[in-house]
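In the numbering used here, the protein residues as written are 98 to 269. Just so you know, even glycine gets a beta-carbon here, dropped at the ideal spot from N, CA and C.
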């Protein structure tokens, strides 16, 4: 099943548990019980304020954010749930870098914890560029329980891609 591409790096028994929950239509219930809280970060301005608040709390010395927005063009198929960029431009005699974060628009409707996870992940890239031990330690520092949240976010994407999410939305 191609939806399990989000879980490829995880052990087979764990993937099998997810597969069984999906096959018995219990995966959505599991996710809803754990992550029932929705967020109110629905506009680009609200997302900018949300990300900037997290940055100020955890990465005070990092450069300021120039732009944070929901991007409907980010394609989950290409593993881009969020994106961070530092665009360098010559301004006069100086080189200035603009820091941007783009979050996939699907997170407007996702549980609050998953939006938090994506924003923390992208903010961590401003200090640590690679997905290495220091990067994940920073993510865990900024969001305790990050590893479990990242896994559950991947499970949410499996559930969403399975079509079960659309069936749930149409029956509610």
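CA-to-CA distance, residue j to residue i, given in whole angstroms
{"i": "residue 168", "j": "residue 148", "result": "15 Å"}
{"i": "residue 114", "j": "residue 239", "result": "29 Å"}
{"i": "residue 117", "j": "residue 164", "result": "41 Å"}
{"i": "residue 174", "j": "residue 252", "result": "Low confidence applies to residue 174: its pLDDT is 46, below 50, so where it sits in the model is not reliable enough to give any reading."}
{"i": "residue 141", "j": "residue 166", "result": "5 Å"}
{"i": "residue 231", "j": "residue 224", "result": "9 Å"}
{"i": "residue 107", "j": "residue 199", "result": "26 Å"}
{"i": "residue 249", "j": "residue 157", "result": "28 Å"}
{"i": "residue 229", "j": "residue 133", "result": "31 Å"}
{"i": "residue 202", "j": "residue 189", "result": "35 Å"}
{"i": "residue 210", "j": "residue 194", "result": "30 Å"}
{"i": "residue 110", "j": "residue 244", "result": "18 Å"}
{"i": "residue 160", "j": "residue 216", "result": "16 Å"}
{"i": "residue 143", "j": "residue 214", "result": "16 Å"}
{"i": "residue 131", "j": "residue 191", "result": "49 Å"}
{"i": "residue 104", "j": "residue 135", "result": "24 Å"}
Of the listed residues the options, nearest to residue i (C-alpha basis)
{"i": "residue 208", "options": "146, 128 and 151", "result": "128"}
{"i": "residue 220", "options": "111, 134, 152 and 145", "result": "152"}
{"i": "residue 162", "options": "131, 243, 171 and 196", "result": "196"}
{"i": "residue 257", "options": "204, 242 and 146", "result": "204"}
{"i": "residue 212", "options": "112, 139, 105 and 122", "result": "139"}
Collapsed DSSP secondary structure at residue i in the structure displayed
{"i": "residue 135", "result": "strand"}
{"i": "residue 191", "result": "strand"}
{"i": "residue 231", "result": "helix"}
{"i": "residue 162", "result": "coil"}
{"i": "residue 197", "result": "strand"}
{"i": "residue 147", "result": "helix"}
{"i": "residue 107", "result": "coil"}
{"i": "residue 122", "result": "coil"}
{"i": "residue 249", "result": "helix"}
{"i": "residue 141", "result": "helix"}
{"i": "residue 258", "result": "helix"}
Contact with chain D by residue i, beta-carbon distance below 7 Å
{"i": "residue 162", "result": "The structure shown has no chain D; it contains just one protein chain."}
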